[in-house]
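**Q** Line by line, the protein sequences give chains A and B.
Following numbering that gives the first Met the number 0, the numbering of the first sequence begins with 0 at its first residue and continues without gaps.
Following numbering that gives the first Met the number 0, the numbering of the second sequence begins with 0 at its first residue and continues without gaps.
In this text, a Cβ means the ideal position worked out from N, Cα and C, and glycines have one as well.
All values derive from a computational prediction rather than experimental measurement.
Protein chains: 2
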Amino acid sequence: MASIKEIALAAGVSTATVSNALTGKGRVSAQVIDRVRAQADALGYRPSNVARALKTGQTGTLGLVMPDLTNPLFPRMAQTLTMAAEQRGLGLLIADSHGDEVEQCEAIRRLVDRSVDGIVVVPQKGTTLEPSSVPMAVINTASDPQNTVCADHAGGGMLIGRHVADIGHRDVVLLGADPVSEVQQDRITGFSRGLMPNIKKQVFWGELGLRQLVPSIRNGATAVLTTSDLLALRVLSELIRAQMDVPRDVSVTGFDDMNFAAIMHPALTTVAQDVSAIAEHALDVLTAKIQGQTGEVPGATIPMRLVTRASTAIPK
Amino acid sequence: MASIKEIALAAGVSTATVSNALTGKGRVSAQVIDRVRAQADALGYRPSNVARALKTGQTGTLGLVMPDLTNPLFPRMAQTLTMAAEQRGLGLLIADSHGDEVEQCEAIRRLVDRSVDGIVVVPQKGTTLEPSSVPMAVINTASDPQNTVCADHAGGGMLIGRHVADIGHRDVVLLGADPVSEVQQDRITGFSRGLMPNIKKQVFWGELGLRQLVPSIRNGATAVLTTSDLLALRVLSELIRAQMDVPRDVSVTGFDDMNFAAIMHPALTTVAQDVSAIAEHALDVLTAKIQGQTGEVPGATIPMRLVTRASTAIPK
DNA sequence: GTCTTCTGATTAATCGATTTATCAGCGGAG
DNA sequence: CTCCGCTGATAAATCGATTAATCAGAAGAC
Numbered sequence: 000m001a002s003i004k005e006i007a008l009a010a011g012v013s014t015a016t017v018s019n020a021l022t023g024k025g026r027v028s029a030q031v032i033d034r035v036r037a038q039a040d041a042l043g044y045r046p047s048n049v050a051r052a053l054k055t056g057q058t059g060t061l062g063l064v065m066p067d068l069t070n071p072l073f074p075r076m077a078q079t080l081t082m083a084a085e086q087r088g089l090g091l092l093i094a095d096s097h098g099d100e101v102e103q104c105e106a107i108r109r110l111v112d113r114s115v116d117g118i119v120v121v122p123q124k125g126t127t128l129e130p131s132s133v134p135m136a137v138i139n140t141a142s143d144p145q146n147t148v149c150a151d152h153a154g155g156g157m158l159i160g161r162h163v164a165d166i167g168h169r170d171v172v173l174l175g176a177d178p179v180s181e182v183q184q185d186r187i188t189g190f191s192r193g194l195m196p197n198i199k200k201q202v203f204w205g206e207l208g209l210r211q212l213v214p215s216i217r218n219g220a221t222a223v224l225t226t227s228d229l230l231a232l233r234v235l236s237e238l239i240r241a242q243m244d245v246p247r248d249v250s251v252t253g254f255d256d257m258n259f260a261a262i263m264h265p266a267l268t269t270v271a272q273d274v275s276a277i278a279e280h281a282l283d284v285l286t287a288k289i290q291g292q293t294g295e296v297p298g299a300t301i302p303m304r305l306v307t308r309a310s311t312a313i314p315k
Numbered sequence: 000m001a002s003i004k005e006i007a008l009a010a011g012v013s014t015a016t017v018s019n020a021l022t023g024k025g026r027v028s029a030q031v032i033d034r035v036r037a038q039a040d041a042l043g044y045r046p047s048n049v050a051r052a053l054k055t056g057q058t059g060t061l062g063l064v065m066p067d068l069t070n071p072l073f074p075r076m077a078q079t080l081t082m083a084a085e086q087r088g089l090g091l092l093i094a095d096s097h098g099d100e101v102e103q104c105e106a107i108r109r110l111v112d113r114s115v116d117g118i119v120v121v122p123q124k125g126t127t128l129e130p131s132s133v134p135m136a137v138i139n140t141a142s143d144p145q146n147t148v149c150a151d152h153a154g155g156g157m158l159i160g161r162h163v164a165d166i167g168h169r170d171v172v173l174l175g176a177d178p179v180s181e182v183q184q185d186r187i188t189g190f191s192r193g194l195m196p197n198i199k200k201q202v203f204w205g206e207l208g209l210r211q212l213v214p215s216i217r218n219g220a221t222a223v224l225t226t227s228d229l230l231a232l233r234v235l236s237e238l239i240r241a242q243m244d245v246p247r248d249v250s251v252t253g254f255d256d257m258n259f260a261a262i263m264h265p266a267l268t269t270v271a272q273d274v275s276a277i278a279e280h281a282l283d284v285l286t287a288k289i290q291g292q293t294g295e296v297p298g299a300t301i302p303m304r305l306v307t308r309a310s311t312a313i314p315k
């Protein structure tokens, strides 16, 4: 309600002096600063950052574009980014690109129209971003050339692969949900790399893959490595329906360590992303870009952590 | 980049006329409107809503305050609200009140400082909101006097209770996570109301309650009604550990129909919120308040929908 | 004593839109 | 012919801050 003008009037100085006193810029005597500060909080002054934004061209607000939130990891990312932004005194406007590349562009345009200072994008599977007027940070996967920071999906896959190999599996099924997703491709690649070369590997995708599962196991496979916890859950249902026990008859792994992974039965062996490290890094890069650092930053890759639980065991 | 001034120059008119032509206010001849529009999109003009906000006092941005996002329903609400706001041409700033009543106030203050036009609050369990200078809409539960709109938690509980009673259960355990939560209290109340009066009911809470479960079942209980899907998942693990089969030995129900409820094993009987109806109503009320409707709107209650799946069955 | 320098503050422009008050011109009424 | 009313457009104020330019006065240099 109270503006800089009222404070100026009350303190008997000019608005410029009030601004300088409150922001610490310019030259103001100590006593005047005190007087202005006193009047400011006597009047319950809160600066209008709309006005400030108009003059300075910075709104102190970032945008976040997320793919459709069916994947429960995204909300976690959104929340972590919100908190990380908050700590830097920034707001976060969230936009949703519900599964559509066109909508993704639209979402970015909307955010730009709302004059955000920068945008964090978790891109739609298999899309490329057109360059925009505002700085961007991309959270995707190492194999995306536009990538700014991401979890080490391939590395996480390797951890899983090596774990399964270590405990003795020699015939393994790799299951992904959608081959269009670069992230899932990288995870599958990681699996293969983590398993020894002499291990038999079969890669399946989607619904079709789910149906190929049981035959493969009857044919000798002893482990199913999936590219998401949700997918692992579906695999579990499928196996139970086929009267198979996890982990006695077959080991199953997930990816991302979602909230239910620890409490489901059997508890799921999976790998966890360091979401907060990713968020922090994304904002670091983005704020640097906003402040005009021009140098191209190489994409950072945050290691994943193996979480071994009950769903993997030594093959019989 | 291009401002109203450049358009004015290019079209040979004043800035006032440009503004009038583009917004459809004031008196402008048809030809001038055409000329201005042509220049506007020739220059790729995008209005600065920072400037607009400064003059009009409306930013076209709403705030959303959520409790800590451990509950996976909240992200869904956040996403739905984001989309609903988007459709109305509004932005949504999300703030998190990580589990703390003080933080909740802080979050609201931060949003007000960012000059949002109104705030949607999903309050922290067992807290009250202090009145603020900006319009608010509260999404909580019917028994909260500040409530604006909510799912019919008691009604949902009733649906569950009645379903379980209908299929023949006569000794039932009601399990909640935290008695401080008004929402969970209402759900439990609903359970009781849905079950016939002659049915034996025991109410348990939290970790302690989880440990009382198996004894109660050994003692004759045939169904466990929980106040959340996540809790139901934990119950399932507990029962499997005790060598009990769901639903053969005991029926289990959840609440909210979260993403994993349909694909876990056994698939979970639960009730679903009409999240999008709730979001729409919240925004309707909020925008009405912003436009100055002063009349107190009575809290609306959106019915829930029973989803029967494999986790409930006729008791043996 | 004059000239420079530095300090502490003010004046006024500015950001980009909206909006009120004003104005020029034109047609019709009297 | 003059006055009124209407239309289409403009000038200028305004929102609330930031900031470049300016200025008055005191202190220090020579």
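1. Less than 8 angstroms between the CB atoms is what I'm expecting for L21 (chain A) and V35 (chain A), so what's the real figure, rounded?
2. In the DSSP assignment, find the beta strand (DSSP E) that holds M65 (chain B) and state where it starts and stops.
3. Would you call the CB atoms of V115 (chain B) and V133 (chain B) closer than 8 angstroms?
4. Looking at V223 (chain A): is its Cβ nearer than 8 angstroms to the Cβ of V270 (chain A)?
5. So does T127 (chain A) have its beta carbon nearer than 7 angstroms to some heavy atom of the ligand ZN?
6. Can you list the beta strand (DSSP E) stretches of 3 or more residues lying completely in the stretch 228 to 282 of chain B, in chain order?
7. Compare the beta carbon distance of I187 (chain A) and T226 (chain A) with 8 angstroms and say whether it is the shorter of the two.
8. Cβ atoms of T252 (chain B) and P314 (chain B): under 8 angstroms apart, would you say?
9. Which residues in chain A sit within 7 angstroms of H264 (chain B), going by Cβ to Cβ distance?
10. Could you tell me the alpha carbon to alpha carbon distance between P265 (chain A) and S236 (chain B), rounded to whole angstroms?
11. Just the C-alpha distance for S47 (chain B) and A7 (chain B), rounded to the nearest angstrom, thanks.
12. In the DSSP output, which residue or residues are listed as bridge partners for R304 (chain A)?
13. If we cut at 8 angstroms on Cβ distances, does N146 (chain A) have a partner in chain B?
14. Can you tell me which residues form a DSSP beta bridge with I118 (chain A)?
15. List the residues of chain B whose Cβ lies closer than 9 angstroms to the Cβ of M82 (chain A), in chain order.
16. If you draw a straight line from the C-alpha of L110 (chain B) to the C-alpha of G62 (chain A), how long is it?
17. Name the chain A residues that come within less than 8 angstroms of L72 (chain B), Cβ to Cβ?
18. Between which residues of its own chain and M195 (chain B) is the CB-CB distance below 6 angstroms, once the five residues before and five after are set aside?
19. Do S215 (chain B) and V172 (chain B) have their C-beta atoms closer together than 8 angstroms?
20. Using only CA atoms, which one of A:Q86, A:L229 and A:T126 lies nearest to N139 (chain A)?
21. With a threshold of 6 angstroms on Cβ separation, who are the neighbours of P71 (chain B) within its own chain once the five nearest residues in sequence on each side are excluded?
22. Nearest to S28 (chain B) by CA position, among B:A39, B:A37 and B:T16, is which residue?
23. I want to know whether the stretch 79 to 97 of chain A touches the stretch 74 to 84 of chain B - three or more CB-CB distances under 8 angstroms.
24. Straight-line CA distance for N218 (chain A) to D255 (chain B)?
25. Does K124 (chain B) come out as helix, strand or coil in the three-state DSSP assignment?
26. Using C-beta distances below 7 angstroms, list every residue in its chain close to A1 (chain A), excluding the 5 sequence neighbours before and after it, in chain order.
27. From which residue to which residue does the alpha helix (DSSP H) around Q290 (chain B) run?
28. What residues match up with K4 (chain B) in a beta bridge as DSSP calls it?
29. For V179 (chain A), is the classification buried or exposed, using 16 other Cβ atoms within 10 angstroms of its Cβ as the cut-off for buried?
30. What number of angstroms, rounded off, separates the C-alpha of C149 (chain B) from the C-alpha of M65 (chain B)?
31. Using a Cβ-Cβ cut-off of 8 angstroms, state whether V64 (chain A) counts as contacting chain B.
32. If we ignore side chains and look at the alpha-carbon of each, how far apart do K199 (chain B) and R169 (chain B) end up?
33. Interface residues of chain B around L91 (chain A) at Cβ under 9 angstroms?
34. With H, G and I counted as helix, E and B as strand and the rest as coil, what does DSSP make of V35 (chain A)?
35. Determine the direct distance from the alpha carbon of R192 (chain B) to that of A176 (chain A), and round the result to whole angstroms.
36. Could you tell me which chain B residues have their CB closer than 9 angstroms to the CB of S275 (chain A), listed as they occur along the chain?
**A** Let me lay it out:
1. So it is a contact: roughly 7 angstroms between Cβ atoms.
2. T60 to M65
3. yes
4. no
5. This structure simply doesn't include the ligand ZN, nor any ligand for that matter.
6. DSSP runs (the beta strand (DSSP E)) wholly in the stretch 228 to 282 of chain B: 250 to 252 and 269 to 271.
7. yes
8. no
9. L235, S236 and I239
10. 8 angstroms
11. 15 angstroms
12. In the DSSP assignment, R304 (chain A) forms a beta bridge with A:A271.
13. no
14. A:G62 and A:M135
15. By Cβ distance, chain B contributes D95 and H97.
16. 15 angstroms
17. Within chain A, no residue has its CB atom less than 8 angstroms from the CB of L72 (chain B), the nearest being about 10 angstroms off.
18. A164
19. yes
20. Distance from the Cα of N139 (chain A) is smallest, within the candidate group A:Q86, A:L229 and A:T126, for A:T126.
21. M257
22. B:T16
23. yes
24. 40 angstroms
25. In the displayed model, K124 (chain B) falls within coil according to three-state DSSP, outside both helix and strand.
26. L42, G43 and Y44
27. No alpha helix (DSSP H) contains Q290 (chain B), which DSSP labels as neither H nor E.
28. Paired residues: none, contrary to the question.
29. Around the Cβ of V179 (chain A), a 10 Å sphere holds fewer than 16 other Cβ atoms; the residue is exposed.
30. 14 angstroms
31. no
32. Each residue's alpha carbon lies about 6 angstroms from the other.
33. Close partners of L91 (chain A) in chain B (Cβ separation under 9 angstroms): L92, I93 and A94.
34. helix
35. 43 angstroms
36. Those within 9 angstroms of S275 (chain A) in chain B number zero; the least Cβ separation is about 13 angstroms.
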